[in-house]
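> If you're matching positions, the sequence shown starts at 1 in the UniProt record's numbering and goes up one per residue.
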Amino acid sequence: MDAPCCVGVVRDSSALVGKDITVGKDLPAYYSAPKLKSGKRMGIVVVHDIFGSAIPNCKYIVDHFASKGFDAVMPDFYTGKEGVDPAAWPADKPMAGEDFGKWFGSISSESYWEKFKADVEDTTAFLRRKGCIRFAIIGFCWGGI
Numbered sequence: 001m002d003a004p005c006c007v008g009v010v011r012d013s014s015a016l017v018g019k020d021i022t023v024g025k026d027l028p029a030y031y032s033a034p035k036l037k038s039g040k041r042m043g044i045v046v047v048h049d050i051f052g053s054a055i056p057n058c059k060y061i062v063d064h065f066a067s068k069g070f071d072a073v074m075p076d077f078y079t080g081k082e083g084v085d086p087a088a089w090p091a092d093k094p095m096a097g098e099d100f101g102k103w104f105g106s107i108s109s110e111s112y113w114e115k116f117k118a119d120v121e122d123t124t125a126f127l128r129r130k131g132c133i134r135f136a137i138i139g140f141c142w143g144g145i
C-alpha cells in the first residue's frame, strides 16, 4: 500500500456501555442493547477492522447503533487472537506491502471464510433470540471487504 492503513487514535474504553459476551459455543463478542425496545427490532452485525476487537474503537460503533435503537453485536472474528497492532502501522507511515501480505494470507484460506460465515450465522441467531426480525451487517477496513 502506498498510504497509511488507518488514520486516528485508539480510544479509551472507559465510556463503553455494552458488554462482552459469548455467541454460539465459544465466539467472543461485544453486544450493546437499545434502551428502548420497539416491536419490530433490527439487529446489526458489526465486522471489526484490521485491528480486531482488542482496541475499543469499533465497540464504540456498536454502542452508537444501540443508542439509535438497534441491537448491535461485534463478534471477534479473530477468535481471541490479536489483530494487527495499531503501533505497527502508524498513520504517518505507509504500510509495508510484505507485512500486509503476511496478515492478509492469515485470513484468506477457505476454512477461515467458512468459519467466518458460521460465526455470522451464530451472531444472527443470537440477535433473533433477542427479538430481532431484520438484520444488517456493516464492516470497517478489512471487515468491509
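Note that the Cβ used here is the ideal one computed from N, Cα and C, for glycine as well.
Taking only runs that begin and end inside the region 29-85, name each unbroken beta strand (DSSP E) of 3 or more residues, in chain order.
41-47 and 71-75
> Could you give the distance in angstroms between the alpha-carbon of Glu110 and the alpha-carbon of Lys117?
11 angstroms
> With Val23 as the anchor, note down where its beta strand (DSSP E) starts and where it stops.
Lys19 to Val23
> For Tyr31, is the classification buried or exposed, using 16 other Cβ atoms within 10 angstroms of its Cβ as the cut-off for buried?
buried
> Going by beta carbon distance, what residues of the same chain come within less than 7 angstroms of Ala125, once the five residues before and after it are set aside?
none
> What residues match up with Leu127 in a beta bridge as DSSP calls it?
None; Leu127 has no bridge partner.
> Tell me, to the nearest whole angstrom, how far the beta carbon of Leu16 is from that of Tyr78; I am working on the premise that it is less than 8 angstroms.
The Cβ separation is near 19 angstroms, so there is no contact.
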